[in-house]
Amino acid sequence: MEEIRDDDIVISGISGRFPSSNNVREFVENLFNKVDMTDDDESRWKHFHNDVPRRFGKIRNLEKFDASFFSTLNKHANWTDPQMRILLEHAYEAILDAGISPQSLVGSKTGVFVGCSISDAKDAFVHRYPPKDGYVVLGNANFYLANRISYALGLCGPSFTVDTACSSSAYALDCAFRYLESGVCDAALVGGSQLILNCGLATEYTKLGILANDGVCRPFDENATGFARADTICMVFLQRHKDSKRVYANLIYSLSNNDGFKKEGASFPSKHLQQRLMEDFYKRIKFDPEDVNYVEAHATGTKLGDPEELSAIDAVFCKNSNRQKELTIGSVKSNMGHAEAAAGMASIAKILMAFENQKFPPNINFTTPRANIPAFEEKRVKVATEAEKLQGQLIAMNSFGLGGGNSHALFRGNGKREKAINTIFDDITSRPLDAEHIALLQNSQVQTTSANTYRGFGIFINDASTGKAVCTQRDIQYFNGTRRPIVFCYSGIGSQWPTMGRDLMNLPVFAESIEKSHQILLQKGIDLKSIITFEDKSIFNNVLHSYVGIVSIEIALTDILKSLGIEPDYIIGHSVGELGCAYADNCLTAEETILTAYARGEASNESNITDGAMAAIGLHYSDLEDVLPIDIDIACHNGLDSTTISGPAESVKKFVEEMKEQRIFAKEVACSGIPLHSRYINEMGKKLYEKLQQIITFPKVRSRKWLSSSFPEELWNSEEAYFSSAAYHMRNLLNPVYFRSY
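No gaps in the numbering here: position 465 of the sequence shown is 568 in the working numbering, and each next residue is one more.
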């Protein structure tokens, strides 16, 4: 696919409100989940007119506006068309979505182009509730929809409102494209707006016979009787590619025309002029329409409009091209109704989200293709009724208006694909491994952009036999911008093994951290580096070695993560792993943490409890309660099918064998003979508490991100659970581990 060039025009930001959708994210979720966004609730007015359909698409929160943020007097805001207020909000948000500070555009040649046709609020304010002052003019004139945005944001490019009925916002896009292409504008805000505040216009549409009787919009369908009306207010931000930080899509080209005189009447759609526009369009840009993968049609579900438009699309994209398979088409109006002047913006939002998700959203309310349309009958065109994976990166949008204003635009996906990352990785392996080259690649991605929708990593070594780099491991995944919470999870007893820290000592940050813990423990006669690097299984026969080995590594791993700037959203530990939590949560210093681990092991050894055992059982703790011998305790609530038990060694061993005979997972846990988290270690808890009082002298409050496993959730707000104190860590040793909730 052709790369986007520096001067190409791209859409870098979007913000909007759609029927039953407070933002673009909700809109795309509704599209892909096949939600019909129209409804028949009477939140706007009582339906007294039986000839007017009840169903239409509504946006919410029309009354909300932060007047002071936009330096607007309250009395002015109160007499301002809600369209203007909401357009202003979303213009600001679209710029932010592009990664641009709106303040940086003050005085710039940024244009504002808004498509709008009807203002129900203006009619009410002027004729029904006229105020005493003159705010109605500045708050409700259509020209001011664009000019108010320019004023509020300090934008000095061309600024005007476009009205070509249902193609208004598509025409606004065309105007913006022309001004950007000519160099008059450096950037542009393009919007569309429609709010349905009374049923007056719906009454007129009913007389024209273009509204669906049942209020259901069925584009392309045999049972379609017209459209349902819908609100939409949406803004996009256009820039040249070289100036953009984010790219939703490349606007390749835009073109418009008008039907002119038609013997059928001014409002009759013209197949011939729509076809001429599209043929002209692709000749100008030297594009084969066969390469277009999807067409987002205007298609409102009217008896005249759909057949005329489909005939034009068929002629250009199918009959006169070398297309080998059906052209996929769709219309967002099936999902949300017809937003009229803002319809083009709703279609653009759908197209951008198709690129973002690499899937074309499905039409709804489509069961039977409209009859007597050759494109359907001869299987040259199909309607997307399920989400379809994009087969290419070209999507066209068609639009026409009641007065004959036609518009067509072509969009291309931004080209960031898995292949791009593999190309970089393959290039690295085509030559010897160059540390400086790798450093340049790394530094280029220290700060990245959300426009990079595919991300990955590779691990490379030099191959002595070929002299070239070899990629030992790589992984590339699609990234949709959603940030998952980062959780640090610290393991407990049983996770130790010989040489568990040996290879990690090659990492400077890790080695430095271990050295600090090693020097602290040397004063206690403990050789930490030997414990975590030597191949001596007997080392871990001493539970003290297990504790300091596990905790020192958790401290060092936390230091590595912190050095990389990785901060957790949540922290959780299992048993002694909560010492790792205390360190990560800044409740204990590294010295306090390793000394607490030492004290825990010392208390264990001083108590001479060595005839116990622990085991992991593949059952939920509630399933074990009735079958567990009375001398064995449930030590850890691990998960839905995992529980740790603790008790006398012989009893635990016998029970493990019984479980195995029943084909239930059962395995003893390396615990150095200490039945932790059971009734048998109360003496150990008392000794530990005395030692910890000397170490944790000023307990700190645990933060909310530390999810305690020492207390059940209903006790998280208790005083004992509030601090990372000697009492808390004693409780951690003695009581069951409540890990199940997570």
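Cβ coordinates follow ideal geometry from the N, Cα and C atoms, glycine included. Bear in mind the structure is a predicted one, so any value in this text is a computation, not a measurement.
Going by DSSP, name the residue or residues bridged to residue i.
i, result
"K462", "K492"
"H511", "L358, N501"
"F121", "S124"
"F323", "In the DSSP output, where bridge partners are listed per residue, F323 has none listed."
"M717", "S749, V772"
"D142", "F159"
"I112", "R343"
"M338", "S118, G294"
"D578", "F560"
"S827", "K803"
"P472", "D324"
"S262", "V215"
"D394", "DSSP, once it has assigned bridges, lists no residue as partnering D394."
"G516", "A352"
For residue i, which residues from the same chain have a beta carbon less than 6 Å from its beta carbon, with the 5 sequence-adjacent residues on both sides left out?
i, result
"S123", "M140"
"V131", "M456"
"C592", "I675"
"F216", "A275, C278, A279, V293"
"D435", "Sequence check: residue 435 is Val here, not Asp. If we look at V435 and ignore the five residues flanking it on each side, its Cβ neighbours are A449, S450, K453."
"Y195", "P205"
"G595", "H677, S678, V679, G680"
"A446", "C269"
"L691", "A685"
"Y202", "According to the sequence displayed, residue 202 carries Gly and not Tyr. These residues qualify, in order along the chain: K348, R349."
"G363", "none"
"I656", "G604"
"S846", "Outside the shown range of the chain (104 to 845) lies residue 846, about which nothing can therefore be said."
"V287", "none"
Quick one: residues in its chain with C-beta nearer than 8 Å to the C-beta of residue i, no 5 flanking neighbours on either side, listed in chain order?
i, result
"S710", "I784, E786, M787, K790"
"I388", "I355, Y356, L513"
"N316", "P156, T328, G329"
"N475", "P410"
"K365", "F371, S373, G507"
"K462", "F135, A490, E491, K492, L493"
"Y825", "V804, R805"
In chain order, what residues of the same chain have a beta carbon less than 7 Å from the beta carbon of residue i, not counting five sequence neighbours either side?
i, result
"L190", "V217, L248, I252, G294, S296, I336, M338"
"L430", "V398, F420, C421, R483, V484"
"K137", "P465, I467"
"Y845", "Unreliable placement is indicated for Y845, whose pLDDT of 44 sits below 50; the coordinate value is still reported in the next sentence. Closer than 7 Å at the Cβ level, and outside the excluded window around Y845, lie I675, L810."
"H740", "Y724, T746, P839, V840, Y841, F842, R843"
"I697", "S620, I623, L624, V651, V654, S655, I658"
"M762", "I720, A769"
"K627", "Y701"
Measuring alpha carbon to alpha carbon, tell me which of the options ends up nearest residue i.
i, options, result
"A829", "M762, A702, I737, R108", "A702"
"N705", "E670, R577, N460, L795", "For the record, residue 705 in the displayed sequence is Glu; it is not Asn. Comparing Cα positions, the closest option is L795."
"G847", "P778, E459, S749, H740", "Residue 847 is absent from the model: the chain starts at 104 and stops at 845."
"N126", "W809, N164, P156", "N164"
"M187", "I203, K167, E657, L543", "K167"
"A716", "K757, L727, H150", "K757"
"T488", "Y686, I432, N689, G260", "I432"
"N133", "Q626, R587, A693, M439", "M439"
"D672", "C739, I663, C684, D662", "C684"
"G750", "R766, N741, L731", "L731"
"P839", "S812, S827, S821", "S812"
"G303", "N835, K462, D223", "D223"
"S641", "M833, R782, F340, G776", "G776"
"T264", "L256, F246, A255, G257", "F246"
"I541", "L380, G561, N525", "G561"
"D383", "A415, E618, H150", "A415"
Can residue i be considered in contact with the ligand MG, in the sense that its beta carbon sits closer than 8 Å to one or more heavy atoms?
i, result
"C774", "This structure simply doesn't include the ligand MG, nor any ligand for that matter."
At which residue ranges does the segment 270-295 contain complete alpha helix (DSSP H) runs of 4 or more residues, listed in the order of the chain? 271-285
Assess, as a yes-or-no matter, whether the segment 559-579 is touched by the segment 619-631 under the definition of 3 or more beta carbon pairs within less than 8 Å. no
Report yes or no: do the segment 491-500 and the segment 529-540 share at least 3 C-beta pairs separated by less than 8 Å? no
Contact between the segment 405-420 and the segment 317-330 is defined here as three or more beta-carbon pairs at a separation below 8 Å; is this criterion met? yes
Touching or not, the segment 718-728 and the segment 745-753, by the rule of three or more beta carbon pairs under 8 Å? yes
Could you give the uninterrupted runs of the beta strand (DSSP E) lying entirely in the segment 667-694, keeping only those of 3 residues or more? Entirely contained in the segment 667-694, the beta strand (DSSP E) runs reaching 3 residues are, in chain order, 673-676.
Whole beta strand (DSSP E) elements within the segment 422-457, 3-residue minimum: 430-433
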